[in-house]
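J.: If you scroll down you'll find the structure; I have some questions about it.
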Amino acid sequence: MYDFAYHKPSSVADAVKLLASDPDAKAVSGGHTLLPALKHRLNKPTSLVDLSGIAEMRGVRREGNAIIIGALTRHHEVANSEAVKSAIPALAYMAQHIGDQQVRNRGTLGGSVSNNDPAADYPSAVLGLGATVHTSKRKIAADDFFLGMFTTALEHDEILVAVEFPIPEKAGYAKMRNPASRYVMAGAFVSKGPMGVRVAINGAAACVFRQPEMEAALSSNWSADAVAGVKQAADDLNSDIHGSAEYRAHLVTVMAKRAVAAAG
Amino acid sequence: MPQVSLTVNGKQHTVEVEGRTLLVELLREKLRLTGTHVGCDTSQCGACVVHVDGESVKSCTTLAVMCDGAAVTTIEGLAKADGTLHPMQEAFREYHALQCGFCTPGMVMSAVDLVAKNPQGLSEKEIREGLEGNLCRCTGYHNIVKAIAAAQEVMHGRRETVAAAAE
């Protein structure tokens, strides 16, 4: 790992200033995606801006018909939050199944969502629930947030502060994990509620995406059988040593069925 | 160079580090606490697990500077000052839950956190799931799971000794 300067601001405004003053600065919280990338020298920031001291970015609260989760909230906290478990149990389930216990003790919602790893879990929940991303300068709908592999609508000096999840009537998540790395081969987060019927697929392509044919099928008949007949095209899916695009396409339908069954 | 002040196994330290210094490097190379191991260095194997403010974390994927003000416990800090082993250590010995021993410090630290967080008691399946972040290449896990099942009875005061829990 190359060395870097280290800053630990205590407010969002100070963090934004630090990022704005250095085009090669990077924000960090749990570090469970960034540090492995730095070890591989895939990234060479001149400075790291540690967000973990910013109290206003932490915690879970219910506001009306939404659950708002601060970006610094760790996966373990989301998985065990009574507010999340009662309002959106599928979200707590998803958080409980990220990585392993030690990763969940450090990894944060903001890190996972802003990194937008194709095999990450959180982006599917954000897109699948039609959440709104709150940043240091604006609010961004999930549909406009995830732009491509490791790419989001966030600007360099813009910090993801919180995510607002509308409470659905039903939601479910299912994924197939690579047996060695435990990363997602294909996953589906489905929901029905104020944002309509939504199906978000992660792990299968370069970026999380919505599956419109499945959403149409579920809109007229919310059941696992309704998605069973929908075939995912293999065209743009990932193909690597872990699985071909055709294999992942097949998995997408299976995971969607399981997610709907889990949602009830 | 940044300075980090932290408590390790109850003892206060102030150490100069680089920004990139990992917590495990601080522990092993600066404080000479070599019980914590580095296996994969990619946050998968769990040989480097220590407790930071009471929670198990992978010290190979934690920057030392991020632990300023934290209380860290390593495998060296589990036994009592008089040498009496922690019930989890005692159970690992009793049930022969190690062979080469490389993964053992991380296994023990993860297991202590797992049991502490689940006072209601864990089933065999839950123990196996709870160990997802720790790899062992010798034992096949079987005796590790048995040791943790026995240790939880002692840690939560339901049995006197790990041997009694085996009955």
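These protein sequences, in sequence, are chains A and B.
Start counting the first sequence at 4; every next residue gets the next number (my numbering).
Start counting the second sequence at 67; every next residue gets the next number (my numbering).
The beta-carbon is built from N, C-alpha and C at its ideal position, and this holds for glycine as well.
Can you tell me whether His43(A) is buried or exposed? The criterion is at least 16 other CB atoms within 10 Å of its CB, across all chains shown.
T.: Answer is exposed; the Cβ neighbour count stays below 16.
J.: Should Gly113(A) be flagged as near chain C, meaning a C-beta pair shorter than 8 Å?
T.: The structure shown has no chain C; the protein chains it does contain are A and B.
J.: Tell me which residue opens and which closes the alpha helix (DSSP H) that Leu180(B) is part of.
T.: Element bounds for Leu180(B): 170-183.
J.: Going along chain B, which residues have a C-beta under 7 Å from Asp103(A)?
T.: Near Asp103(A) (Cβ distances below 7 Å), the residues of chain B are Glu198, Gly199.
J.: At a CB distance below 9 Å, what residues from the region 122-146 of chain B approach chain A? Give them in sequence order.
T.: Cβ contacts with chain A come from Ser122, Val123, Lys124, Cys126, Thr127, Thr128, Leu129, Val131, Met132, Asp134.
J.: Verify the CB distance criterion: does Glu84(B) have a CB-CB separation below 8 Å to chain A?
T.: Yes, contact with chain A.
J.: How would you label Asn68(A), buried or exposed, when you count the other beta carbons within 10 angstroms and need 16 or more for buried?
T.: Flag for Asn68(A) reads exposed.
J.: Below 8 Å on the Cβ atoms is my guess for Thr117(A) versus Leu163(A); work out the distance and round it to an integer in Å.
T.: Looking at the sequence shown, residue 117(A) is not Thr but Ser. So it is a contact: roughly 5 Å between Cβ atoms.
J.: Is the beta carbon of Phe192(A) closer than 8 Å to that of Gly133(A)?
T.: No.
J.: If you compare alpha carbons, which of Ala203(A), Asp120(A), Asp103(A) is closest to His78(A)?
T.: Checked all of Ala203(A), Asp120(A), Asp103(A); the closest Cα to His78(A) is Asp103(A).
J.: Out of Thr256(A), Pro126(A), Pro48(A), Lys142(A), point me to the one whose CA is closest to Asp6(A)'s CA.
T.: Answer by Cα proximity: Pro48(A).
J.: Per DSSP, Glu149(A) forms a beta bridge with which residues?
T.: At residue 149(A) the sequence reads Phe, which differs from the Glu that was named. Thr155(A).
J.: To the nearest angstrom, how far is the alpha carbon of Gly34(A) from that of Leu144(B)?
T.: When rounded, the distance between both Cα atoms is 27 Å.
J.: Within 10 Å of its beta-carbon, does His100(A) have 16 or more other beta-carbons around it, so buried, or fewer, so exposed?
T.: Classification for His100(A): buried.
J.: Got a sec? Which residues, its chain only, sit under 7 Å from Glu142(B) by beta carbon, not counting five neighbours each side?
T.: Hits under 7 Å: Asn75, Leu99, Gly101.
J.: Is any non-hydrogen atom of the ligand ADP found closer than 7 Å to the C-beta of Leu164(B), if you look at the structure I gave you?
T.: Absent from the structure shown: the ligand ADP. Ligands present: none.
J.: Kindly indicate which three-state DSSP category Val104(B) falls into: helix, strand or coil?
T.: If DSSP states are grouped into helix, strand and coil, Val104(B) belongs with coil.
J.: Which residues does DSSP list as the beta-bridge partners of Gly175(A)?
T.: DSSP, once it has assigned bridges, lists Val193(A) as partnering Gly175(A).
J.: Would you kindly report the start and end of the unbroken beta strand (DSSP E) that includes Ile72(A)?
T.: Note, Ile72(A): beta strand (DSSP E), 69-73.
J.: Under 8 Å by Cβ, that's how I've got Ala90(A) and Asn205(A) pegged, so tell me the actual separation to the nearest angstrom.
T.: Contact flag wrong, Cβ pair sits at about 22 Å.
J.: Which two residues bound the contiguous alpha helix (DSSP H) that contains Gly199(B)?
T.: Careful: Gly199(B) lies outside any alpha helix (DSSP H) and carries neither H nor E.
J.: Does any residue of chain B have a CB that is nearer than 8 Å to the CB of Leu157(A)?
T.: Chain B contact via Cβ: absent.
J.: Quick check: is the beta carbon of Lys29(A) nearer than 8 Å to any beta carbon in chain B?
T.: No, Lys29(A) does not count as interfacial toward chain B.
J.: At least one CB of chain A closer than 8 Å to the CB of Leu188(B): is that the case?
T.: No, its Cβ sits nowhere closer than 8 Å to a Cβ of chain A.
J.: For the beta strand (DSSP E) that contains Phe168(A), what are its first and last residues?
T.: Looking at the DSSP string, the run of the beta strand (DSSP E) that includes Phe168(A) is 163-169.
J.: Check each residue of the region 88-112 of chain B: if its Cβ is closer than 9 Å to any Cβ of chain A, include it; give the result in chain order.
T.: Answer set for the region 88-112 of chain B: Leu88, Asp107, Thr108, Ser109, Gln110, Gly112.
J.: If distances are taken between C-alpha atoms only, which option among Ser242(A), Arg61(A), Ser223(A), Met4(A) comes closest to Gly110(A)?
T.: For Gly110(A), the nearest C-alpha among the options comes from Arg61(A).
J.: Taking only beta carbons into account, state which residues of the region 162-181 of chain B come closer than 8 Å to chain A, listed in chain order.
T.: The residues in question are Ser176, Asp179, Leu180.
J.: Determine the extent of the beta strand (DSSP E) in which Glu66(A) is found, giving its start and end residues.
T.: Glu66(A) -> beta strand (DSSP E) spans 63-66.
J.: In angstroms, rounded to a whole number, what distance separates the CA positions of Lys173(A) and Asp147(A)?
T.: Approximately 23 Å between the Cα atoms of the pair.
J.: Look up Ile141(B) in the DSSP assignment and say whether it is helix, strand or coil.
T.: Of the three classes helix, strand and coil, the one that applies to Ile141(B) here is helix, per DSSP.
J.: CA-CA distance, Val187(A) and Asn108(A)?
T.: For Val187(A) and Asn108(A), the distance between alpha carbons rounds to 19 Å.
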